[in-house]
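Input: a single structure, listed below in structure tokens.
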Amino acid sequence: MNDQQLLRYSRQIMLADIDIEGQEKLLTASVLIIGLGGLGSPVAMYLAAAGVGHLILADFDTVDLSNLQRQIAHTTDRIGQTKVESAAQTLQALNPDIKITSITQPLDADTLAIQIAGVDVVVDCCDNFTTRFAVNAACVNAKIPLVSGAAIRLEGQLAVFDNRDSNCACYRCLYDDDSTEDTTCAANGVLSPLVGVIGSLQALETIKFVVGFGQTIAGKLLVFDARYTQWRELKLMKDKQCPVCNKK
Ligand SMILES: [Zn+2]
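Residue numbering for the sequence shown follows my numbering, starting at 817 and increasing by one per position.
Here it is, written out as structure tokens:
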């Protein structure tokens, strides 16, 4: 680390749980973020600011006026740009130190398998079950930790799947193929800071995986009720019939 980096990350390096060693792990880490919307914005911004060395951004959507109420990585003058291009500008302005890779094509199983190779953590910030299931299957196959978030209306969810541990439940253990309810904010609405609450926690869990301090919430599902600022914690059970994580 050079003097500029020591200064930039000094408030983190001061923490006994991070220290120089932890900061170096962050600087050499590679994290794939699926979706650069309401959740992906704070995830990407906090991970960039914290010094995660390589962020891979995947989204094929463009910035729309109706996104700006909550998708804080984007700005009014970038309406019409791709979300990854807009987010990359925000992140490089925050921290020119980090490398950013952009993916703008839709992610099918083959593309995912390629993009996921060599990544330390995958952060799912997308808004549809098709992508969530594909991302989960790719993470289970490659044994890569998955940090999953969701936010809709006034409710948020956070779950972490440590796919390195074959006893850990996967996302598919939690939801089956019948889970086709429309979960988009376009159809249901969402309160602006709710995505910040869930996205910030996704960034926190990701940093814990990379640095290896404390304990992630792997094996649990946290449900947040923004109306009363209340959390519920549910234990995730591995589904013995799960077609994704049970075949090995
Ligand atoms: Zn499973």
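Glycine residues also receive a C-beta, built at the ideal position from the N, C-alpha and C atoms.
Source: prediction; values computed, not measured.
Query                                                                                         : Result
Range covered by the alpha helix (DSSP H) that runs through Arg1048                           : Not the alpha helix (DSSP H): Arg1048 falls in the beta strand (DSSP E), residues 1046-1051.
Run of the beta strand (DSSP E) containing Phe1040, from where it starts to where it stops    : 1036-1041
Proximity to Met1053 [Cα-Cα], best of Pro858, Tyr1044, Ser1016, Ala985                        : Ala985
Three-pair Cβ contact test at 8 Å for the segment 830-838 versus the segment 877-889          : no
Cutoff 8 Å; reference Ala925; Cβ partners in own chain excluding five residues on either side : Ala950, Ala953, Ala954
Distance CB(Thr844)-CB(Gly867) smaller than 8 Å                                               : no
Simplified DSSP assignment, three categories, for Leu970                                      : coil
Whole-angstrom distance between Gln897 and Val939, CA atom to CA atom                         : 22 Å
Supposed contact pair Ile850 and Cys941 - C-beta distance, whole angstroms, cut 8 Å           : 6 Å
Nearest candidate by alpha-carbon position, reference Ser1008, set Ile888, Gln821, Gly965     : Ile888
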